[in-house]
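There are 2 protein chains.
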Amino acid sequence: MTPDPYGVRPDSAVRRPASIKDVAAAAGVSPTTVSHVLSGNRPVNEQTAARVRSVVNRLGYVPASLARSLQAGATSVIGLLIPDISNTFFAELAKGAEDAAHDLGYGMILCNTEFDADREDRYLGMIRSRFIDGMVYASGSPPSRRRLEALMGKFPIALADEEVEGLEGALIATADHEAGGRLVGEHLRQLGHRRALMLTGPRALKSSVARAQGFVRAFRGEVVERVGDFKEASGHRLVARLLEEGGLPCTAVFAANDLMAFGALTALTEAGLSVPGDVSVVGFDDIRAASLAHPPLTTVHQPAYDVGRTATAQLLQYVSRGEVPPASRHTLPVELKVRGSTAPPAR
Amino acid sequence: MTPDPYGVRPDSAVRRPASIKDVAAAAGVSPTTVSHVLSGNRPVNEQTAARVRSVVNRLGYVPASLARSLQAGATSVIGLLIPDISNTFFAELAKGAEDAAHDLGYGMILCNTEFDADREDRYLGMIRSRFIDGMVYASGSPPSRRRLEALMGKFPIALADEEVEGLEGALIATADHEAGGRLVGEHLRQLGHRRALMLTGPRALKSSVARAQGFVRAFRGEVVERVGDFKEASGHRLVARLLEEGGLPCTAVFAANDLMAFGALTALTEAGLSVPGDVSVVGFDDIRAASLAHPPLTTVHQPAYDVGRTATAQLLQYVSRGEVPPASRHTLPVELKVRGSTAPPAR
DNA sequence: ACGGTTGTGCAAAACGTTTTGGATGCCTAG
DNA sequence: CTAGGCATCCAAAACGTTTTGCACAACCGT
């Protein structure tokens, strides 16, 4: 139907990249043959193949991955949905995810939502329009169950550091928050502490609750709880208020994340108390600043990298096979980093 | 040629997503009409349009963006090439880039290279295979000029925080490193310091050299230079060695980045010197830990977010127009953050 | 001379869109 | 009665690949 189907078009004004047809025409073969030479999918006569390869080099031909993906029905690209890449936890997680994707030849689109639901929706649209083969979901907040349920099952999605109860058929990778709390509890108990202040995160976050539960169980002492919001200011405020109200009811403070721990530390120092001389302080996360602070902070190292890597590996395992994923959950180990902010209590 | 061109296929075992043909068939129109209804590209009779829309909803039809991109000749996706997303500087930069891309309806593929040349090459391949419409390049090391030259001019590339001399037609966004050094010089001079130790980064990095030059020019005092490698250990080592060799020849230390400043700070403290009582310390970058450290570090805030955002905006401005970009360079302002690690010199 | 195998390469369909040039029918103005 | 305009829709080409069935020739052993 088309005239001169594989012929070279007359020079056009705008230089368009060489296509497989151009290569075929210049080498005097059909596009089929070129494809086979490049993919090795079927044997081709060595002389012909050499001729094709030489033309490929001369024209600088690179196959259009779009067309390839269209034909293949998959793009070899996945998405990573997180709230804030400038948060070191998610940056580490992203690094792990990217590594896993790269290992299997996948690209990864960064979907930074800023906790914005519209933005999240727009990114989830990429999976419905099949521009990405799957999504690693780490929204950082109690995820909207409805939104997820509409997608999971129909599309490949893996949850990283998210808890969605009662969701069947889910791929989940998460840190062992409960064990983290337990480690801190044991550490403080062994040092001789018997009364502690626990600064928790929001009650709605399962990870935060798990940290507190683990701690209380292992510490087996008197624990006063105060609810914070994971920000430095809240740690400062909660501790400062207790100090005003007549002194700390404890010899140790366990904050559910490092930022609140820093806030607590500042408040203590301002009140003339020394850390760890008068009070021990423990955080959670092991962010970069933890080891740089003075004193360096005893804290629980979260395997953010491994969480990202594991969730992505799980996702890709099924994406690449095109199967429907059975439910599976990976709980990754945490590690207590004992540094300078903890010591036996003063008598 | 094809029998029953728009007919619905008999039920197949595997449920494939609805295509525009399925919608057309179910609505009793041609795919052309469906396309026009959805895009508004040409007027369609309102009754027909309503019918089509209802079918679209019923079937849950979402256009395949791959096919759309193939036809359009562009994917609305760009790449961001950086060495290490877990470095807060690049994380901030990535955030700015992602914001800019999202604003213009573009997706962004995260290309984390880990300083690995092969990995970088593989990612650059995405642009040659036209899977991405452009690339924001922030390799974090003196970039291989050859590799870049082969691509720039042929493909849309913008440089973020990179210097490539003599490269024509380049889009560049970078922080004003020279001004940053100058600000530190003026600050220390005003405090009364006359003798300073400067810990520089690698000589091969233009940004590092610019910081030192700006400092030396503005300080107008005696400056001892030592070359480090931007890592904490090197700051510690260089200062510790000077202390052993008979004391510091200065009242202030300017490190070309915050990590080295922390190293210096630790070395000073270990030697029994107080900061800023005996020696003032200044860093560069304003990483998260800078404000959390004790004492909080005086440093130069780098507009990492703006660098990423500006480079990406520049790139997209031209990508979306399909024009060849003329050279343009944006030098973004830095800001001196005066904190607790600087004070007038002791007499 | 014949059926079978092997090596080689091509045609055509398929992936799912958008775009463009008509075709059709109807209405209106001359 | 006709030329033109308008509203509505469709057919077919195009984007650039991969895949599959087939054609053709050459060679083999019988």
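The listed protein sequences derive, respectively, from chains A and B.
Quick note on numbering: the first sequence equals residues 5 to 351 in the numbering used here.
Quick note on numbering: the second sequence equals residues 5 to 351 in the numbering used here.
In this text, a Cβ means the ideal position worked out from N, Cα and C, and glycines have one as well.
Not flagged as an interface residue toward chain B: A/R207, since no C-beta distance is shorter than 8 angstroms. Closer than 7 angstroms at the C-beta level to chain A, one finds no residue of the segment 149-162 of chain B. Less than 8 angstroms separates the beta-carbon of B/E229 from that of B/M202. If you draw a straight line from the Cα of A/F119 to the Cα of B/A177, it is about 28 angstroms long. Here B/A76 is exposed: its Cβ has fewer than 16 other Cβ atoms, across all protein chains shown, within 10 Å. At a cut-off of 8 angstroms, the C-beta of A/N261 has no neighbouring C-beta in chain B. Residue-level contact by beta carbon holds for A/S69 and chain B, with a gap shorter than 8 angstroms.
Residue environment for B/S278: exposed (fewer than 16 other C-beta atoms within 10 angstroms of its C-beta). In this chain, B/L209 is not harboured by any beta strand (DSSP E), its DSSP state being neither H nor E. Inclusion of B/E182 and B/G218 in the CB contact set at 8 angstroms is warranted, their separation being smaller than that value. Its Cα nearest to that of A/L85, the residue B/M112 stands out among B/M112, B/A271, B/Y65 and B/P35. Interface annotation, B/S345: not in contact with chain A, CB-CB separation never under 8 angstroms. Assignment of B/I131 by DSSP, reduced to helix, strand and coil, places it in the helix class. Proximity of chain A to B/N116 at the Cβ level (cut-off 9 angstroms) is accounted for by A98, K99, E102, D103, H106 and M112, in chain order.
In the structure shown, B/S284 adopts extended strand secondary structure according to DSSP, grouped into three states.
The CB of B/T79 comes closer than 7 angstroms to the CB of L70 in chain A, given here in chain order. In summary, B/R215 is buried, with 16 or more beta-carbon neighbours lying within 10 Å of its beta-carbon over all protein chains present.
Here B/E96 is near B/A308, since their CB atoms are less than 8 angstroms apart. The beta-carbon distance between B/R292 and A/R292, rounded to whole angstroms, is 7 angstroms. This is short enough to meet the 8 angstroms contact definition. Counting C-beta pairs with one atom in each stretch, the segment 238-246 of chain B and the segment 207-214 of chain B have fewer than three that are closer than 8 angstroms, which means they do not touch. Under a criterion of Cβ atoms nearer than 7 angstroms, the residues of chain A adjacent to B/V66 are, in order, R132 and S133.
Annotated as distal: B/S324 and A/V66, with beta-carbon spacing of 8 angstroms or more. Under a 10 Å Cβ-count criterion, B/D289 is classified as buried, with 16 or more other Cβ atoms of the shown protein chains found around its own Cβ. Short of 6 angstroms from the beta carbon of A/S34, and not among the five residues preceding or following it, lie these beta carbons of its own chain, in chain order: A28. In the structure shown, B/T255 adopts coil according to DSSP, grouped into three states. DSSP lists no beta-bridge partner residue for B/E153. In this structure, the beta-carbon distance from B/T273 to B/V231 does not fall below 8 angstroms.
Residue burial is scored here from C-beta neighbours: B/E226 has fewer than 16 other C-beta atoms within 10 angstroms and is therefore classed as exposed. Note: A/A265 is not bridge-paired with any residue in the DSSP secondary-structure output. Against B/H298, the close residues of chain A are A297 and H298, in the order they occur along the chain (beta-carbon pairs closer than 7 angstroms).
In summary, no residue of the segment 308-325 of chain B has a CB separated from any CB of chain A by less than 7 angstroms. Just so you know, the alpha carbons of A/A268 and A/T302 end up roughly 13 angstroms apart. Contact with chain B is found for A/F266, since one of that chain's Cβ atoms lies less than 8 angstroms from the residue's Cβ. Pairing B/R186 with B/R221 gives a Cβ-Cβ distance under 8 angstroms.
Annotated three-state conformation of A/F234 is coil, per DSSP. If you compare the alpha carbons of B/G184, B/D180, B/R150 and B/D137 with that of B/A162, the shortest gap goes to B/D137.
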